[in-house]
Every structure is written in C-alpha cells, then in structure tokens.
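Student:
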C-alpha cells in the first residue's frame, strides 16, 4: 500500500516520515501492521477518510471525508514511558496546545482520552500498546453543526463550529504533529514534570468534588492530588482513596459541582 504523498517535517523524533492516504480502513491498523520494524519508530499515518476507524471501547469514530485530522503515530518508547496514562496525557496535551495556537479556543481534557470545547467532544484518542505504541488521534476540524446532527452526534463539536470559520486541515495536521514531537522529545529527555503540569491544568479538576469510576467501584470525594503515580480522593469524612491512574476509568465533576462542570457535558 503506497501513500499518495509523504512529508518530512524536519522534526526530532516523530514526523520525519508522514504518509498521507486519501482513504484507509484504520490508521491504527496500518501503523500496527508496520510495528515489526523498529525503523518505523516515529512514523505518522494520516488519512483523509477512515472506513473502520475505532474509538474507545470498540466504538466507531465518525468523520466526514476531508473534514478532520485522522492520524496514528507509531512509537517504540522506553519502558519508563510505556504507561497508558502518561502517553494518553501526552497526546491530549499536544492536541490542546494545537487548538490554542490555531484557534485561540480554550479546550479541556476529559478523563481519560477526550478533548472538549464548551462541553462538546472535538477529539478522541486511542492508545494501542504492547511492545510498541500506536497513538490514534481523531480531531474534528471543519464539520458543520448540520454535519454533526446528521451523524447523530449531539455531544460532538468541531473547531469550525466554535470559531465560525473553516481551517486548512493540512495546516492543523502539521501543527499537531510538530506539537506531538515537541512534547514527546521532552519526555524522552526525562522532563515529565512539564507535561504533568499541563495535564492537570487541562483536566481542571484538582481540588474539586469529583466522581471516580474505578475497577473496584465508584467513589466520590475531593480530588486532593493527581500525578502519574496516583489519583487521591478525600471523602467528606476524611477518608482517603488512592488509585493508580490506569485503574480509573472515568473521572468527572460530581453532580451539582457547578464550579467545575462548565466545560463538561
């Protein structure tokens, strides 16, 4: 399968090879098929349309042809970076920085792998991990409100919907790849603190009353601490619960907590 176009963005670790396709069944699937060769580390697969794109929990990712950024990055991270929470945060923070730079909008991260604008989902992230990592990102760029209504996606939005103007999808894709590379390069040099700070700010939940859905059950309390190592909730009775981030399926504002619910659906 040959791409219709190739880019070399002159980046440090990813984006030196970007393969562009008009149509694929799944960018993640193609990236995974190329994972036997370590020479493909940093390869980016970009498609104008996906016929079988996947979202979280096996859902289908819907995007009209040419209206969004649909990409996958193939990485061979070190063992210390091979954590779902860390790499999902890397992708989400990179998306948020790209949106700010190109639109001036203020996105929020919804745990664990969505990016929202004014409570509407504009981006989904899917991590496939074992001995290598495939990071799949779908970012809605030019869908109209009518497009989203026809697709029966009432909780979705796009950059065009919130800016009132169309953006060049290729420009958005290039900027996103460059941002992903910049953030990943920091991680490879051991600078995890900067990403953690941006991740916490993007979630906007620290110190707020939240509900955490974990594998062990559901818990409600004030989010008193958050790091790569643990999520800490403090109950009204002073009890504390500690969870590994990978063990928290959902983390969102508690019902009635108006201070932190503004950007959540």
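In the numbering used here, the protein residues as written are 1 to 265.
Glycine included, every Cβ here is placed at the ideal spot set by N, Cα and C.
Buried or exposed: which applies to residue 57, given that a residue is buried once 16 or more other Cβ atoms fall within 10 Å of its Cβ?
Tutor: Mapped onto the chain shown, residue 57 falls at position 57. With a pLDDT of only 48 at residue 57, under 50, the local geometry of the prediction cannot be trusted, and the value read off the model is given with reservation. By the neighbour-count rule (16 or more Cβ atoms within 10 Å), residue 57 is not buried but exposed.
Student: For a quick check, are the C-beta atoms of residue 200 and residue 192 less than 7 angstroms apart?
Tutor: Indexing the chain shown from 1 puts residue 200 at position 200. Indexing the chain shown from 1 puts residue 192 at position 192. In this structure, residue 192 does not lie closer than 7 angstroms to residue 200 by Cβ.
Student: Please state the DSSP three-state secondary structure of residue 199.
Tutor: To locate residue 199, count along the chain shown from 1; it is residue 199. Residue 199 falls in the helix class under three-state DSSP.
Student: Ends of the alpha helix (DSSP H) at residue 172?
Tutor: Start at 1 with the first residue of the chain shown, and residue 172 comes out as number 172. 169-188 is the span of the alpha helix (DSSP H), which, as asked, contains residue 172.
Student: Less than 7 angstroms separating the beta-carbons of residue 14 and residue 73?
Tutor: Translated into positions along the chain shown, residue 14 becomes position 14. Translated into positions along the chain shown, residue 73 becomes position 73. Yes.
Student: Could you tell me whether the stretch 80-91 touches the stretch 148-168, where touching means 3 or more Cβ pairs closer than 8 angstroms?
Tutor: The stretch 80-91, when compared against the stretch 148-168, does not touch it at the 8 angstroms Cβ threshold.
Student: On a CA-only basis, which of 252, 194, 216 is nearest residue 227? Give me that one, please.
Tutor: The residue given as residue 227 occupies position 227 in the chain shown. Of the candidates 252, 194, 216, the one whose C-alpha sits nearest the C-alpha of residue 227 is 194.
Student: May I ask you to verify whether the stretch 88-95 touches the stretch 107-115, counting CB pairs closer than 8 angstroms and requiring at least 3?
Tutor: Segments in contact, yes.
Student: Buried or exposed: residue 39, going by 16 or more other Cβ atoms within 10 Å of its Cβ?
Tutor: By 1-based counting over the chain shown, the position of residue 39 is 39. With fewer than 16 Cβ atoms within 10 Å of its Cβ, residue 39 is classed as exposed.
Student: Which residue's Cα is closest to the Cα of residue 146: 161, 138, 133?
Tutor: The residue labelled residue 146 in the question sits at position 146 within the chain shown. Answer by Cα proximity: 161.
Student: How do the stretch 26-37 and the stretch 204-224 stand: do at least 3 beta-carbon pairs fall below 8 angstroms, yes or no?
Tutor: The answer is no - the stretch 204-224 does not touch the stretch 26-37, with fewer than three Cβ pairs under 8 angstroms.
Student: When you compare only the Cα positions, how much space is there between residue 137 and residue 208?
Tutor: As a position in the chain shown, residue 137 is number 137, starting the count at 1. As a position in the chain shown, residue 208 is number 208, starting the count at 1. One C-alpha to the other measures close to 28 angstroms.
Student: Between which two residues does the beta strand (DSSP E) containing residue 240 stretch?
Tutor: On the chain shown, residue 240 is found 240 positions in, with the first residue counted as 1. 240-243 is the extent of the beta strand (DSSP E) around residue 240.
Student: Assign residue 65 to one of two classes, buried (16 or more other C-beta atoms within 10 Å of its C-beta) or exposed (fewer than that).
Tutor: Taking the chain shown and counting its residues from 1, the one referred to as residue 65 is at position 65. The residue in question, residue 65, is exposed, as its Cβ has fewer than 16 Cβ neighbours within 10 Å.
Student: Report the CB separation of residue 12 from residue 185 in whole angstroms; it is logged as a contact under 8 angstroms.
Tutor: Residue mapping note: residue 12 aligns to position 12 of the chain shown, counting from 1. Residue mapping note: residue 185 aligns to position 185 of the chain shown, counting from 1. Yes, they are in contact, since the Cβ atoms of residue 12 and residue 185 sit about 5 angstroms apart, within 8 angstroms.
Student: Please determine, among 180, 240, 187, the residue with the shortest C-alpha to C-alpha distance to residue 269.
Tutor: The displayed coordinates of the chain run from 1 to 265. Any statement about residue 269 would go beyond what the structure contains.
Student: DSSP three-state call for residue 94: helix, strand or coil?
Tutor: Position 94 of the chain shown, counted from the first residue, corresponds to residue 94. Note: residue 94 maps to helix in three-state DSSP.
Student: Distance, Cα to Cα, residue 149 vs residue 18?
Tutor: Taking the first residue of the chain shown as 1, we reach residue 149 at position 149. Taking the first residue of the chain shown as 1, we reach residue 18 at position 18. In a straight line, the C-alpha of residue 149 is about 32 angstroms away from that of residue 18.
Student: Pick out whichever of 139, 182, 163, 190 has its Cα sitting closest to the Cα of residue 173.
Tutor: One-based indexing of the chain shown puts residue 173 at position 173. For residue 173, the nearest C-alpha among the options comes from 139.
Student: Pick out whichever of 170, 130, 134, 250 has its Cα sitting closest to the Cα of residue 27.
Tutor: Sequence index remark: in the chain shown, residue 27 carries index 27 (1-based). Ranking 170, 130, 134, 250 by Cα distance to residue 27 puts 134 first.
Student: Spatial neighbours of residue 88 within its chain, please: C-beta separation below 7 angstroms, excluding the five flanking residues on both sides.
Tutor: Along the chain shown, one-based indexing puts residue 88 at 88. The answer, listed in chain order, is 112, 113, 125, 127.
Student: Would you kindly work out how many angstroms separate the C-alpha atoms of residue 210 and residue 197, rounded to a whole number?
Tutor: Position 210 of the chain shown, counting from 1, holds the residue named residue 210. Position 197 of the chain shown, counting from 1, holds the residue named residue 197. Cα to Cα, the separation comes out at about 19 angstroms.
Student: So the candidates are 178, 151, 46; which of them puts its Cα closest to the Cα of residue 102?
Tutor: One-based indexing of the chain shown puts residue 102 at position 102. For residue 102, the nearest C-alpha among the options comes from 178.
Student: With H, G and I counted as helix, E and B as strand and the rest as coil, what does DSSP make of residue 247?
Tutor: Counting from one through the chain shown, the residue named residue 247 turns up at place 247. Looking at residue 247 - three-state DSSP - the assignment turns out to be helix.
Student: Between residue 95 and chain C, is any beta-carbon pair separated by less than 7 angstroms?
Tutor: Among the chains of the structure shown, chain C does not appear; only one protein chain is present.
Student: Compute the Euclidean distance between the alpha carbons of residue 77 and residue 6, then round it to the nearest angstrom.
Tutor: Mapped onto the chain shown, residue 77 falls at position 77. Mapped onto the chain shown, residue 6 falls at position 6. So the alpha carbons of these two residues sit roughly 23 angstroms apart.
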